[in-house]
Structures are given as C-alpha cells and as structure tokens.
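Q: In my numbering, the protein residues as written are -13 to 233.
Right, I'll just put the structure down here and ask away after.
Right, dumping it as structure tokens:
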C-alpha cells in the first residue's frame, strides 16, 4: 500500500479475528497508523486510506489516536489489545519506547472515558440495527439469502455484550471483554446469528433482551469520572513521536 512517504508506526489485527468470532469466509482486517510528514503538519492534513485486497487495511494518522481513544471508539480502542501487533523496527529507538509505553497504558486508556464508551457503544448498536433490514452495498447477498443483514445483526449484539462483559470484570480487562472463548454461549449465539440460524423476528427479540441488560448498566458507566490526566499523557507521547519521526 502507498502511504505517500509517510512512515508506518505500527500495524494491528482488528475485527472478527481479534474477537475469535471469525468464520472461514472472514477476511483479516488491519489498522495501520502512520506518522505525518512535514507537509501534513504545515497544511494541517490528516492522512487516511483503506484498501481491500486479500487482507483489508485502514490507515490513519497517529495524531487521530488521542481523540479517537478519548471518544472511546471501540473499533480503535481494540487496537491496544490486538492479538497481532507489529511495530516498525526501522523507527528511532526512542519512538519504539514511546509506542511501547502507549500500549502498556492500554487498560488505562480503555477506561479513561467510560461515559463516552457507553454512549459510543449504544450508538453503534442503533447504527447497526438500522442497517439490519436494508443492508449495505456489500451485504445485499445476506438480505437475499436470509431476509435481513445477519452480519449487522451479529455486530449489534456483540457491541452490547461487550458493555456487559466489560462491566462484569470491573473495567479491568478490555481484551477479555472483546474476545470470546470457543465455548462461550454468547459467541455461539453471535455466530449463529451471522450464519442465519435465527429469523428477523427472533433477532428483534434477542436484541431487545440484550438492550434491557445494557440499559441497567447506564448509571454505572455514567457515574465514572473521565480521566483527563491520562489523555494529556497520551497526547504528550504522541506529540513526541511526531517530533521524532516527521521529516
């Protein structure tokens, strides 16, 4: 992939393979973070790109990470808990040390804004649910086969279950909350949904039950105080990475 002269900082596996929810047809998804060039800094540009080949890549400017993690976007928080992390070994040693410090802060970063995390996940649930009956450009075959978008349906249940699982471990183990053991009952449910073993009406009942369980957790998430000191520390690390590697 062409990053137009930008240095790769790290690459992580994300998505179904990271959750142990993949099936034989699941592509591997990666997020790649790059350092901005001097021109990016001067013209205030933030590079992003994506590619769908044998493996799917989305590429992001490292400067985005601070806000994305502060806003508790789970699709980006999971980067900190990937089962497959590759840091570019051609970086300066000081940069590698800073990146390792950021990954070592993973649990701290994941819970630094729990009120936002709740809203982000519930918002994602409703966005996925809106697509269940109409699908996307890539999932029309599921509509034709099952009568609804089973992929969006399975994602909607997963994101609600994550909120339940994360609360159940006291917000102490993000990776355990996103990744399923093989014999987990909810994992089996999610995979069965994805494979069309439930009707649309049955999915509606399932999603309503999961939503009720999550609604009860709202006050618990909302009473947690955001940790701005953690965000400031992260921002300082990213600023120093950009200073070291942008040229």
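By construction, the Cβ of each residue, glycine as well, lies at the ideal position given by its N, Cα and C atoms.
From the beta carbon of residue 25, is the nearest beta carbon of chain D less than 7 angstroms away?
A: The structure shown contains no chain D, having only a single protein chain.
Q: Leaving out five residues before and five after residue 103 in sequence, what residues of the same chain have Cβ atoms less than 7 angstroms from its Cβ?
A: Here the question's residue 103 lines up with position 117 in the chain shown. Excluding positions up to five away in sequence, the list reads 58 and 207.
Q: Answer with buried or exposed for residue 100, where buried requires no fewer than 16 other C-beta atoms within 10 angstroms of its C-beta.
A: For the purposes of this step, residue 100 is taken as the residue at position 114 of the chain shown. Buried, by the Cβ-count rule.
Q: Since residue 108 and residue 139 should fall inside the 8 angstroms C-beta cutoff, what is the C-beta to C-beta distance between them, to a whole number of angstroms?
A: Working through the chain shown from its first residue, we reach residue 108 at position 122. Working through the chain shown from its first residue, we reach residue 139 at position 153. About 16 angstroms; that fails the 8 angstroms criterion.
Q: Measuring alpha carbon to alpha carbon, tell me which residue in 121, 2, -11 and 174 is nearest residue 20.
A: The residue labelled residue 20 in the question sits at position 34 within the chain shown. For residue 20, the nearest C-alpha among the options comes from -11.
Q: Check whether the Cβ atoms of residue 22 and residue 47 lie closer than 7 angstroms to each other.
A: Numbered from 1 along the chain shown, position 36 holds the residue referred to as residue 22. Numbered from 1 along the chain shown, position 61 holds the residue referred to as residue 47. Yes; because the gap between Cβ atoms is below 7 angstroms, this pair is in contact.
Q: By the DSSP assignment, the beta strand (DSSP E) with residue 73 in it spans what residues?
A: Walking along the chain shown from the start, residue 73 turns up at place 87. Unbroken beta strand (DSSP E) run through residue 73: 71 to 73.
Q: What is the rounded straight-line gap between the Cα of residue 161 and the Cα of residue 131?
A: Along the chain shown, read from residue 1 onward, the residue named residue 161 stands at position 175. Along the chain shown, read from residue 1 onward, the residue named residue 131 stands at position 145. Taking the straight line from one Cα to the other gives about 33 angstroms.
Q: Count the other CB atoms within 10 Å of the CB of residue 189; is the residue buried (16 or more) or exposed (fewer)?
A: Position 203 of the chain shown, counted from the first residue, corresponds to residue 189. Buried, because 16 or more other Cβ atoms sit within 10 Å of the Cβ of residue 189.
Q: Would you mind sorting residue 168 into buried or exposed? The rule is 16 or more other CB atoms within 10 Å of its CB.
A: Within the chain shown, the letter at position 182 stands for residue 168. That one is exposed.
Q: How many whole angstroms separate the CB atoms of residue 35 and residue 45, which I take to be in contact at a CB cut-off of 8 angstroms?
A: Here residue 35 refers to the residue found at position 49 of the chain shown. Here residue 45 refers to the residue found at position 59 of the chain shown. The Cβ separation is near 4 angstroms, so the contact holds.
Q: If you pair each beta-carbon of the segment 80 to 96 with each one of the segment 55 to 71, do three or more pairs fall below 8 angstroms?
A: Because the criterion of three Cβ pairs below 8 angstroms is met, the segment 80 to 96 and the segment 55 to 71 touch.
Q: Quick one: what does DSSP say residue 41 is sitting in, helix, strand or coil?
A: As a working note, residue 41 is residue 55 in the chain shown. Looking at residue 41 - three-state DSSP - the assignment turns out to be strand.
Q: So which of 81, 158 and 115 has the shortest CA-CA distance to residue 144?
A: For the purposes of this step, residue 144 is taken as residue 158 along the chain shown, with counting starting at 1. Per the Cα distances, 115.
Q: Measure the alpha-carbon distance for residue 127 versus residue 163 and round it to whole angstroms.
A: If you number the chain shown from 1, residue 127 lands on position 141. If you number the chain shown from 1, residue 163 lands on position 177. Between residue 127 and residue 163, the C-alpha separation is close to 31 angstroms.
Q: In angstroms with no decimal places, state the Cα-to-Cα distance between residue 125 and residue 229.
A: Start at 1 with the first residue of the chain shown, and residue 125 comes out as number 139. Start at 1 with the first residue of the chain shown, and residue 229 comes out as number 243. Spanning the two alpha carbons is a distance of roughly 42 angstroms.
Q: Roughly how many angstroms separate the alpha carbons of residue 186 and residue 200, rounded to a whole number?
A: In the chain shown, residue 186 corresponds to position 200, counting from 1. In the chain shown, residue 200 corresponds to position 214, counting from 1. Spanning the two alpha carbons is a distance of roughly 21 angstroms.
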